[in-house]
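Those sequence lines, one after another, are chains A and B. Oh and the first sequence: position 352 is 343 in this note's numbering, straight run, nothing missing. Oh and the second sequence: position 54 is 45 in this note's numbering, straight run, nothing missing. Comments concern the structure below.
There are 2 protein chains.
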Amino acid sequence: MTRLVMKFGGTSVGDVERIRRVARIVAAERASRPGRGLAVVVSAMSGETDKLVKLARDAGGEGLDGGTVGGPGFDDEYDVVVSTGEQVTTGLLALALRQIGVPARSWQNWQIPVRSDAAHSKARIDAIDEKGDLARSIDAGEVAVIPGFQGVTAEGRITTLGRGGSDTSAVGVAAALKAERCDIYTDVDGVYTTDPRIVPKARRLEKISYEEMLEMASLGAKVLQTRSVELAMAQRVPVRVLSSFIEPGEASDGRNAGTIVCDEEEIVEKQIVSGVAYSRDEAKVSLIGVVDAPGVAADIFGRLADAGINVDMIVQSQSRQEGKQNIVFTCPDRDARRAQDILEAAHEKIKTDEIHIKRDVAKVSVIGIGMKSQVGVARTMFSALAAKGINIEVIATSEIKISVIIDSQYVELAVRALHTAYGLDAA
Amino acid sequence: MTRLVMKFGGTSVGDVERIRRVARIVAAERASRPGRGLAVVVSAMSGETDKLVKLARDAGGEGLDGGTVGGPGFDDEYDVVVSTGEQVTTGLLALALRQIGVPARSWQNWQIPVRSDAAHSKARIDAIDEKGDLARSIDAGEVAVIPGFQGVTAEGRITTLGRGGSDTSAVGVAAALKAERCDIYTDVDGVYTTDPRIVPKARRLEKISYEEMLEMASLGAKVLQTRSVELAMAQRVPVRVLSSFIEPGEASDGRNAGTIVCDEEEIVEKQIVSGVAYSRDEAKVSLIGVVDAPGVAADIFGRLADAGINVDMIVQSQSRQEGKQNIVFTCPDRDARRAQDILEAAHEKIKTDEIHIKRDVAKVSVIGIGMKSQVGVARTMFSALAAKGINIEVIATSEIKISVIIDSQYVELAVRALHTAYGLDAA
Chain A
-8 MTRLVMKFGG TSVGDVERIR RVARIVAAER ASRPGRGLAV VVSAMSGETD
42 KLVKLARDAG GEGLDGGTVG GPGFDDEYDV VVSTGEQVTT GLLALALRQI
92 GVPARSWQNW QIPVRSDAAH SKARIDAIDE KGDLARSIDA GEVAVIPGFQ
142 GVTAEGRITT LGRGGSDTSA VGVAAALKAE RCDIYTDVDG VYTTDPRIVP
192 KARRLEKISY EEMLEMASLG AKVLQTRSVE LAMAQRVPVR VLSSFIEPGE
242 ASDGRNAGTI VCDEEEIVEK QIVSGVAYSR DEAKVSLIGV VDAPGVAADI
292 FGRLADAGIN VDMIVQSQSR QEGKQNIVFT CPDRDARRAQ DILEAAHEKI
342 KTDEIHIKRD VAKVSVIGIG MKSQVGVART MFSALAAKGI NIEVIATSEI
392 KISVIIDSQY VELAVRALHT AYGLDAA
Chain B
-8 MTRLVMKFGG TSVGDVERIR RVARIVAAER ASRPGRGLAV VVSAMSGETD
42 KLVKLARDAG GEGLDGGTVG GPGFDDEYDV VVSTGEQVTT GLLALALRQI
92 GVPARSWQNW QIPVRSDAAH SKARIDAIDE KGDLARSIDA GEVAVIPGFQ
142 GVTAEGRITT LGRGGSDTSA VGVAAALKAE RCDIYTDVDG VYTTDPRIVP
192 KARRLEKISY EEMLEMASLG AKVLQTRSVE LAMAQRVPVR VLSSFIEPGE
242 ASDGRNAGTI VCDEEEIVEK QIVSGVAYSR DEAKVSLIGV VDAPGVAADI
292 FGRLADAGIN VDMIVQSQSR QEGKQNIVFT CPDRDARRAQ DILEAAHEKI
342 KTDEIHIKRD VAKVSVIGIG MKSQVGVART MFSALAAKGI NIEVIATSEI
392 KISVIIDSQY VELAVRALHT AYGLDAA
């Protein structure tokens, strides 16, 4: 049996009219390939989750966020409250499907079951212990409607996966059902070579590899949640990102093709560079004249990690002083001041001569699986930036990515220059 | 172990402030008898169920109410949507309890499980298959918070019990836990000898038997749902009805004693008459000159039952004509016209000479387990009504009840006269 999983987010199911529209999209998909089993993963109606979170916070007071007043933490009951948002959508979509003659039923996570760990409010899916009932039902032609963003612990308690977990749920269900693909309907019509708001000539990619998508997602191209791409890569589930603002039928007849995220081997024409990503609101922290002794770097980044500061690029170089080194790293701009305080408090140990923070920097990256086998990719990047007079402050590279830190006022200029330099502009 | 079940309805948990208040009431109850296990059954926040019903109706369209467009009826998914209302309250109350230092957790019906039949949207509880986890948890001092009004089928699908089912849930949980009592917190402070809006001297009863309560409930004194009283009687669970608009602690120290509904044997001082109930919006249907042959009455009431018309009192008497009889019955006023149409359409068979309908009649009843062993109870009733010049149109009696049909304009006068005649007026 072939099977397909479709996923619709909060804005796509924002009210009953939109839910009826989603029902028509599902019905068209079903009609286009009779005999193929369909499962639909849905989010809460937009706004509902916020409303439920507020109720839970009002009732739980300071006990939430890891508090333990009178009990073993509060997040288990937070999940009981918040998880109802998706449950409502599953019932409504099943009703809307039946209303247009499509057999459908909802499957709550505890009915399947979708197992997660017990990290309430930020759980991760462990396994989908589908015993065969779900698969039999969809193979018999009944559309399954499943709440995303949640699971059930081994003890049978409800969990939520934290914001954005619906994509991960959908990929997990697709893997468990051995689906041919997981279609993620969203508010964009695919993955672009770069942000079309900056580069009007940005092109939608037909295909992109999991690895590239991971780099894109973590660099701020927020189309898919990182965890869902990791899971798709591990389970080898092809994922298609496409627009939910379409007429029913456009997804199956090719008018709304979206972008397929898949294994590198399935991409015949490998681009050297597939996309240009950027992220603003970065800060550069320079530690000048750090004592050059074993364990110092571990000490510095250990302290930052303990404080929950997400350090990104790290560059270490010899200082002009004997026995000293310079360490430069980047972190989110909002954490920069705190990072400085932490490091200054540790002066006794680190003995840094100077700490400089430069705020208002941006990261620009070019990403492509093709660059593994190509030389000269970096040179093209540096030349293109130099030609526009943009100074590079930090460089970091991986197998399929080159990132640079620049002054944030040049970010649009840099992205446009690189998009052109790598031949990504649409004709 | 002793255990207590407490139940709070929709207005008692209408917003987070009220839920916090319910938490304080539960905490006071817990503090008053350490070591006693507590389970709390809750309704949806008032207004939430209506909102969810509207969403389901909008999504399901004409498929609801038994429709079968594209599927096996729609009510299963209606239940998926509507049941979330109570789930939210369970999480919020558990949070509010922990917030004031009381260990608590929610138990969804599928976690216990509370089994019901599969009559979605109007299911009945079959059995509570509590395996011991729930009992162990509450005996260890953790307050269990359980959603009322719902269950789960043998196949594991969610059901709702229909409006008012929360009382029945609470009694069912109390029976399964062998609780010493089920306290139903509501918007009145107990069961009264009659409606205090009509008789200011009405008194709250300390105790009332299940049988009397059943007669009161079905006669329109809408304090407890009939089904919950039947279940309490069958399972011999004492039920206390009391006000939720109290200060924490008043329920256990006797200031808010409410009314206990219990076995007849536990009532030492049996009143001849415990209460006077009434119900307006009745109609009297008189069939004059019905052919006097076997099976005619069965035919008449069979036709009415098939049409869903709830016939109440039935009186049959000889007609003045030879071989003819008169049949008089009452039904809800809103069904009277339809009853007439059905009977006229069956004229061929029934051969009634005349059909008269009298609308705007009311039923007034006196109820009391003491009347079983007393003579003269009926005489007191008829004398009291005659003294006020009130004409009795129909009389029906049972072991613990005498009902009369009168012109509805006299209903208040009749209730007050009977309340005084049976010595029920407060000093």
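Beta carbons: idealized from backbone N, C-alpha and C, even for Gly. Model, not experiment: these values are computed from the prediction.
Report task. Quick one: residues in its chain with C-beta nearer than 7 Å to the C-beta of T159 of chain B, no 5 flanking neighbours on either side, listed in chain order? Result -> I116, L152, Q216, R218, S219 and L222
Query - Under 9 Å between C-beta atoms of V355 of chain A and V214 of chain A - result: no
**Report entry** Cut-off 7 Å between Cβ atoms - residues of its own chain near G181 of chain B, not counting five sequence neighbours on either side
**Finding:** R195, L196, V232, L233, G249 and T250
Report task. Using the Cα positions of D398 of chain A and A288 of chain A, report the straight-line distance between them to the nearest angstrom. Result -> 26 Å
Query raised in the report: Since H111 of chain A is in the alpha helix (DSSP H), which residue starts that stretch and which ends it?
Result: No alpha helix (DSSP H) holds H111 of chain A; DSSP gives it neither H nor E.
Requested in this report: Could you check the C-alpha separation between G57 of chain B and L43 of chain B for me, to the nearest Å?
Outcome: Low confidence applies to G57 of chain B: its pLDDT is 47, below 50, so where it sits in the model is not reliable enough to give any reading.
Requested in this report: List the residues of chain A whose Cβ lies closer than 7 Å to the Cβ of D49 of chain B, in chain order.
Outcome: V7
Query raised in the report: What's the C-alpha gap between N301 of chain A and A274 of chain A?
Result: 11 Å
Query raised in the report: Near E384 of chain B, which residues of its chain fall below 7 Å by C-beta distance, leaving aside the five closest residues on each side in sequence?
Result: K275, V352, I396 and I397
Query raised in the report: Taking Cβ to Cβ, would you say I129 of chain A is nearer than 9 Å to A193 of chain A?
Result: no
Query raised in the report: Looking at the C-beta of Q400 of chain B, does it have a partner C-beta in chain A at a distance below 9 Å?
Result: no
Requested in this report: Spell out a yes or no on whether the region 64 to 75 of chain B and the region 101 to 113 of chain B are touching, meaning 3 or more CB-CB pairs, one atom from each, closer than 8 Å.
Outcome: yes
Requested in this report: Please determine if the region 137 to 150 of chain A and the region 159 to 178 of chain A are in contact, where contact requires at least 3 C-beta pairs separated by less than 8 Å.
Outcome: yes
Query raised in the report: According to DSSP, which residues form a beta bridge with Q307 of chain A?
Result: A:I318
**Report entry** At least 3 beta-carbon pairs within less than 8 Å: the region 124 to 138 of chain A vs the region 74 to 90 of chain B
**Finding:** no
**Report entry** Span separating the alpha-carbon of G5 of chain A from that of W101 of chain A
**Finding:** 24 Å
Query raised in the report: Which runs of the alpha helix (DSSP H), 4 residues or longer, sit entirely within the region 260 to 303 of chain A?
Result: 287 to 297
Query raised in the report: Closest Cβ-Cβ distance between E238 of chain B and chain A: below 9 Å?
Result: no
Query raised in the report: Are I149 of chain B and S74 of chain B touching if we call contact CB-CB under 9 Å?
Result: yes
Query raised in the report: Does any CB atom of chain B fall closer than 9 Å to the CB of T321 of chain A?
Result: no
Query raised in the report: Taking 9 Å as the CB-CB cut-off, is V105 of chain B touching chain A?
Result: no
Query - Interface flag, D41 of chain B vs chain A, CB-CB below 9 Å - result: no
Query raised in the report: Distance, Cα to Cα, G61 of chain B vs P104 of chain B?
Result: Because G61 of chain B sits at a pLDDT of 35, beneath the cut-off of 50, its placement in the model cannot be relied upon, and the following sentence gives the value as read from the coordinates. Taking the straight line from one Cα to the other gives about 30 Å.
Requested in this report: Decide if the region 357 to 373 of chain A is in contact with the region 308 to 315 of chain A; the criterion is three or more beta carbon pairs, one per stretch, under 8 Å apart.
Outcome: no
Report task. For L125 of chain A, decide whether its Cβ has a neighbour in chain B, counting only Cβ atoms nearer than 9 Å. Result -> no
Query raised in the report: Nearest chain B C-beta to S97 of chain A closer than 9 Å, yes or no?
Result: yes
Requested in this report: Output the distance between the C-alpha atoms of V319 of chain B and L278 of chain B, rounded to the nearest integer angstrom.
Outcome: 6 Å
Query raised in the report: Is the CB of F65 of chain B under 9 Å away from at least one CB in chain A?
Result: yes
**Report entry** Contact check, G0 of chain A vs D108 of chain A, beta carbons under 9 Å
**Finding:** no
Query - Contact set for A208 of chain A: own chain, Cβ-Cβ below 8 Å, skip 5 residues either direction - result: V214, L215, Q216, T217 and V220
Query raised in the report: Is there at least one Cβ from chain B nearer than 9 Å to L46 of chain A's Cβ?
Result: yes
**Report entry** For E345 of chain A: DSSP bridge partner residues
**Finding:** A:I279
Report task. Anything in chain B within Cβ reach of I189 of chain A, meaning under 8 Å, just list it in chain order. Result -> What I189 of chain A touches in chain B: nothing, since even the nearest Cβ is about 40 Å away.
Query raised in the report: Ordered along the chain, which non-local residues of its own chain (more than five positions away) have a Cβ less than 6 Å from that of K342 of chain A?
Result: V282
Report task. Report the rounded CA-to-CA distance for E345 of chain A versus M372 of chain A, giving the unit in angstroms. Result -> 31 Å
Requested in this report: Taking C-beta pairs closer than 8 Å, name the residues in chain B that V72 of chain A reaches, listed in chain order.
Outcome: Q78, V79, G82, L83 and L86
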